[in-house]
Amino acid sequence: MGSKERIARLKKDNRENFLDAALEIVKEEGCQSLSMKKIADKIESTSPIIYEYFLNKEGVLMHEKE
């Protein structure tokens, strides 16, 4: 597997991890309590990394509905 494929797989995996964490937070605490910081904390990452994938928490929630 080339580096482009690895990078693409890593980005896909990261996106799925962010969405999984967001879903857990929403189930546990409700939609209103979701924040990029809470997602980052849940997966031991930082908010700026998540903003590379999603514009805001509404963007995360829109993807959760798919």
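Counting in my numbering, the sequence shown runs without a single skipped number right up to 114 at its last residue.
Glycine is no exception: its CB is placed at the ideal position from the N, C-alpha and C atoms.
query	result
For residue 85, which option in 78, 79, 105 and 61 has the closest C-alpha, if you only look at C-alpha atoms?	105
Should residue 53 be listed as close to the ligand MG, given that the test is whether its C-beta is under 6 Å from any heavy atom?	The ligand MG is absent from the structure shown, which contains no ligands of any kind.
Classify residue 56 as buried or exposed, calling it buried when 16 or more other Cβ atoms lie within 10 Å of its own Cβ.	exposed
Checking 7 Å against the spacing of the C-beta atoms, do residue 82 and residue 74 come in under that value?	yes
Do the CB positions of residue 69 and residue 97 come within less than 7 Å of each other?	no
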